Every structure is written in C-alpha cells, then in structure tokens.
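For reference, the structure discussed in these notes is given below.
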Amino acid sequence: MAETTDKCPHCGADVKPGDAYCECCGKSLAEWAESRGYLDRGPIRLSTVGMIKEGFRSLFDPSPVQVPPNMSVFLNRPLQSLTPYLVGALVLLAVGLLATYGEAWMTYIGFTLAGYAAPLVYLVYMVRSDRYEREPLALVAYCFGWGAFSGIVAGVLNTLITEPFLGVGGAGFIEEPLKIYGVYLIAKSSRVRDEFNDHIDGMVYGAAAGAGFAGLENFWYLYEMIVNLQYPALTAVLVRSTTAFMHLAWSAVAGRSLGLAKAMKGHVELVDLVPGVVVAAVVHMIWNLSDPLIAFAVIFPFMLFSLRQQIKTGLGDEERWGYQCFAPDEDEET
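At position 158 of the sequence shown the residue is numbered 168 (this note's numbering), and the sequence of numbers has no breaks.
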C-alpha cells in the first residue's frame, strides 16, 4: 500500500503524517498535524527545575530545541504605531537618571556618556545578532529605559536587604528579577506579545534591559573612581565597560529562558521568569564574590564565549524552523 502523503500548508510540498517539519520549506507542521489528527502532542508543560538545569547547561553547551515550536513563533503582531513604547522608553530613562542622581547626571554629562557608551555598543551587537527578524527599535528602547528605571528600585532594595542581610553576593537576586520584569511585560502585552517569539528575541530584549541598568550604575562608579582618584579615567572606563557587558549577559541569559518558554508553550507566565532569573543571579553572585583577577581573566571571557554559543544555537533553531522564509516581516513603526 502506498504511504499516505499530504501537502504542506505553507509551500505545498508533499509531507508525510509523521513529519515534524516540511523538508522543503522547514516550517513546523506540529499544530497543522494536530488539526488533521496526525499528531496528539497535547500542551507542553515545562518543569521549572528542568528549565533551571537547561539554563545552567546552556552556559557551557547550549543544545538545539528538540521539539517543534508552538506556531505562535510565526505570528505577526498587529501593525500599529509603537510610538507609546518609544515615549515610554524616554520617560523611564529620564526618571531613572533624575531619581537616582538628580541634576548630577547633567552636570557631569561626560560620566553619563562614558557610562552608556559600552552598553550601547554591546546592545547594537545583540540587536544585529538577531539575523532573521530584527526587533522593533521602539521595543528594544523600552526595555533599555526599563533597565534604567529598575535601577531606582534596585538601589532601594539593595540598601534595605542586600547590604544588611545578603552581602555583596546577593545583589543579583535583587537586580536580575527587576531588570527582566520589563521584558516580561513585553512578552505578556496583548499589543506586542507576538513580537516576542523565541529565545533569540528574549536575549535581545534582556540585553537591552541590562544595558539600561548598566549605564545607570556606571555613572556612580565612574564618579567615585575618577573624582576620588581611585583610578585613572581611562582605566575606570575600561573596568566599567567590562562590568557593563556582564549586566547585559546576565539579563540576556534570563531573557533566553523566558523566550524558550514562549517558543514551547506559545505564551509566558510569571513562573517562567524563575529559571532564567536563578541562573543569571547565581552567575552574578559568582562574579561579585570572585577575586578581580578571576572575574576579569576567567569569568568575563567565559561569558563572552557562552553568549556567542547561545546566539549561534538559537539561530540554528530558527533556521530549522524555516525563519529565513517565514519569520514575520513587519514594517517597523515608531
């Protein structure tokens, strides 16, 4: 008896009932197969502990996603203006700077610009790494502004909780959930959640939040280092530029786990923040507690390598899902 075949709903090529992907176009066939009675996968339930293990493992050897993604990764968001998010980004950034430093950030504008220079360079790299579907700059800017705004709350909580009870190693357990919560708001928004598709998107938005936070924090450190003659100006900028990357990396790791949850389930819940935050906070703690030589000579290059491998593996997933041809192609509106 001849084997049963059907047509791919995307390109029309022949596919078999058990195929997870179309061999011609690479598009996932999972939900289409379910609708035809070919596949009874049921809803995917993600274990928080399992996702935490995956997050730590991915720092050393990220693995490709082994199951077809939810079809929501291919959805187009409604084409509407993103101006409110761009305005929100500016407001959040301004409030973060003014509430934390008053007029000092303008008085010492050189420190402000130097503090944000490296985070913005790193962020441009992350945005450009999203090869198949660049995120709207308005949403990236919103997460950047959120990162700066979250610094206000982090400063208060670090004073009330971290310093008296947790010590310097506990700062990440305060800062990482605050930074990534802004990305969660994007992923949950009925207006733009279809723009948050998978783990690559999570890394981009997470890095944006980390960049906003790092720039805000850098102002204080540069002021202390340079004005109090602790370091020469160039040395201070180089030291803080390295630490700024770490803030981006920690938040990108947290965003990656949130994006994986979206790709697998088609939606995110508050509990989906836990795995990425735990991994990011632990790495943050190790950095803070390490001898400076170990931090800069070992942990920094390790995170550079790790982030690059996570990006490479994530892009490989998108290629297998057919993103070259079928990723949402939207006009970027601000």
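Beta carbons: idealized from backbone N, C-alpha and C, even for Gly.
Quick caveat: nothing in here was measured; it's all calculated off a predicted structure.
In DSSP terms, what residue i is bridged to
i     : result
Val25 : Asp16
Rounded straight-line distance, which links the Cα of residue j to that of residue i
i      : j      : result
Asp301 : Phe310 : 12 Å
Tyr333 : Asp211 : 13 Å
Tyr48  : Leu69  : Because the pLDDT at Tyr48 is just 44, under 50, the model does not fix this residue reliably, and the point stays unresolved.
Glu422 : Tyr194 : The question about residue 422 has no answer, for the chain in this structure spans 11 to 344.
Pro72  : Thr323 : 7 Å
Tyr215 : Asn207 : 11 Å
Gly192 : Leu248 : 28 Å
Asp341 : Leu147 : A caution first: Asp341 carries a pLDDT of 48, below 50, which makes its placement in the model unreliable, though a value can still be read off. Answer to the nearest angstrom: the Cα atoms are 11 Å apart.
Val131 : Ala218 : 11 Å
Ala271 : His20  : 25 Å
Asp24  : Val59  : 40 Å
Distance between beta carbons of residue j and residue i, contact taken as under 8 Å
i      : j      : result
Leu149 : Tyr95  : 6 Å
Gly269 : Met213 : 7 Å
Gly125 : Phe229 : 5 Å
Gly345 : Ser199 : What the structure shows of the chain is the stretch from 11 to 344, and residue 345 is not part of that stretch, so it cannot be assessed.
Ile190 : Leu123 : The pair is not a contact, with the Cβ atoms about 26 Å apart (cut-off 8 Å).
Ile196 : Gly106 : Between Gly106 and Ile196 the Cβ distance is about 18 Å, and since that is not below 8 Å, they are no contact.
Element boundaries [alpha helix (DSSP H), containing residue i]
i      : result
Arg203 : Where Arg203 is concerned, there is no enclosing alpha helix (DSSP H), given that its DSSP letter is neither H nor E.
Gly177 : Segment: none, Gly177 is in no alpha helix (DSSP H) and carries neither H nor E.
Ile321 : 310–330
His294 : 283–299
Ile171 : Premise fails: Ile171 is in no alpha helix (DSSP H) and is neither H nor E.
Arg266 : 243–275
Ser82  : It is not in any alpha helix (DSSP H) - Ser82 carries neither H nor E in the DSSP assignment.
Ser199 : Unbroken run through Ser199: none, as it is neither H nor E.
Glu279 : Neither: Glu279 is in no alpha helix (DSSP H) and is coded neither H nor E.
Inter-stretch contact (C-beta, 8 Å, three-pair minimum) for the segment 286–301 and the segment 177–186: yes
contact_flag[the segment 152–160, the segment 102–110] where n(CB pairs < 8 Å) is 3 or more: yes
Meets three-Cβ-pair contact criterion under 8 Å: the segment 113–129 and the segment 246–261: yes
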